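Engineer: Per the numbering used here, numbering through the sequence shown is continuous, rising by one, with the last residue being 244. Glycine residues also receive a C-beta, built at the ideal position from the N, C-alpha and C atoms. Fair warning: this is a prediction, and the values are worked out from it, not measured in the lab.
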Amino acid sequence: GRVTRKRAENYRRERLKMDLNLLTTVMGSAGQRIVYVSGTSYYGDLGAELRDETATPKPKGWGPYIIEALAQVSAFRERGLRIIEAFPGQIYGAGSWYPDLIQALLKGTALPILGSHDKYASFMYVEDAGRALHHLLEHGEPGERYFLVDDEPSTLAELARLTLAEYGKPLKRQRVPYFLLSWLLGPINAEGMAYENRLSSAKLRATGFVPRCPTIVEGVPLAVAELNRLPSFRQN
9 GRVTRKRAEN YRRERLKMDL NLLTTVMGSA GQRIVYVSGT SYYGDLGAEL
59 RDETATPKPK GWGPYIIEAL AQVSAFRERG LRIIEAFPGQ IYGAGSWYPD
109 LIQALLKGTA LPILGSHDKY ASFMYVEDAG RALHHLLEHG EPGERYFLVD
159 DEPSTLAELA RLTLAEYGKP LKRQRVPYFL LSWLLGPINA EGMAYENRLS
209 SAKLRATGFV PRCPTIVEGV PLAVAELNRL PSFRQN
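1) Closer than 6 Å by C-beta to residue 161: which residues in its own chain qualify, once you throw out the five before and the five after it? Chain order, please.
2) Can you grab the Cα-Cα spacing for the pair residue 28 / residue 80, in whole Å?
3) I'd like to confirm the pairing. Which residues does DSSP put opposite residue 52 in its beta bridges?
4) In chain order, what residues of the same chain have a beta carbon less than 7 Å from the beta carbon of residue 209, not counting five sequence neighbours either side?
5) Starting from residue 43, follow its DSSP beta bridges and name the residues at the other end.
6) Using C-beta distances below 6 Å, list every residue in its chain close to residue 20, excluding the 5 sequence neighbours before and after it, in chain order.
7) Less than 8 Å between the CB atoms is what I'm expecting for residue 44 and residue 93, so what's the real figure, rounded?
8) CA-CA distance, residue 23 and residue 77?
9) Using only alpha-carbon positions, find the residue among 96, 229, 172 that is nearest to residue 138.
10) Taking 8 Å as the threshold, find out whether the segment 41-61 comes into contact with the segment 107-126 through three or more Cβ pairs.
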């Protein structure tokens, strides 16, 4: 849905409260390992080079609204909690934004494209993301951060093209100005589509994690199979 700054600000406040309640509660659990899930919007606009977890964050989109939450997590880690931070990229599968987008595209809606070239992002198939979180709980290093992304950054347009190809349909694209996208989706989502980052999976891989779908080429057919099993999903 359309995300206003007021809505994002409410999210910021509520997340801080929920995190505080949870982390305060588990403070007495000596030795317990915690995987804290954040988002790569915190790293934001990192440009065209492949970057790892040591990159300097440049929060965009939702990113500015989770800065305080991550600072709070750091404070609890300094107090002794064994926290592992996970930063999932664009997670696709039979839930959240992906079914809505694909259903709209199958009905003939054009995919909005910003600027003179497609923006790259880092994706991960939802099953791999879940497996990675479980893996980090056992094999992640407390105090470290890990990107949850597949091995090859790509574009939303390529993800959509591969998905529609599974249905034998072409992708329609339409370049739109930023102000129009901001009006349609709200400033938070528009800003999230206006930057690019290409994130490395090397650190996650180094823990021994092996994805089922190393790229969107392998992941899209599985995601489509899941979409087709959704009672709410209609191809036409």
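Structural biologist: From the atom records:
1) For the purposes of this step, residue 161 is taken as residue 153 along the sequence shown, with counting starting at 1. The answer, listed in chain order, is 128, 130, 206.
2) For the purposes of this step, residue 28 is taken as residue 20 along the sequence shown, with counting starting at 1. For the purposes of this step, residue 80 is taken as residue 72 along the sequence shown, with counting starting at 1. Their Cα atoms are separated by approximately 8 Å.
3) Numbered from its first residue, the sequence shown carries residue 52 at position 44. According to DSSP, residue 52 bridges with 66.
4) Taking the first residue of the sequence shown as 1, we reach residue 209 at position 201. Closer than 7 Å at the Cβ level, and outside the excluded window around residue 209, lie 155, 157, 158, 159.
5) Residue numbering aside, residue 43 sits at position 35 when the sequence shown is read from its first letter. BP columns for residue 43 point to 92.
6) On the sequence shown, residue 20 is found 12 positions in, with the first residue counted as 1. Here the set comprises 73.
7) Within the sequence shown, the letter at position 36 stands for residue 44. Within the sequence shown, the letter at position 85 stands for residue 93. 5 Å between Cβ atoms; contact.
8) For this step, residue 23 is matched to residue 15 along the sequence shown. For this step, residue 77 is matched to residue 69 along the sequence shown. If I take the Cα positions, the gap works out to 7 Å.
9) Taking the first residue of the sequence shown as 1, we reach residue 138 at position 130. Looking at the Cα atoms, 96 is the closest of the given residues.
10) no
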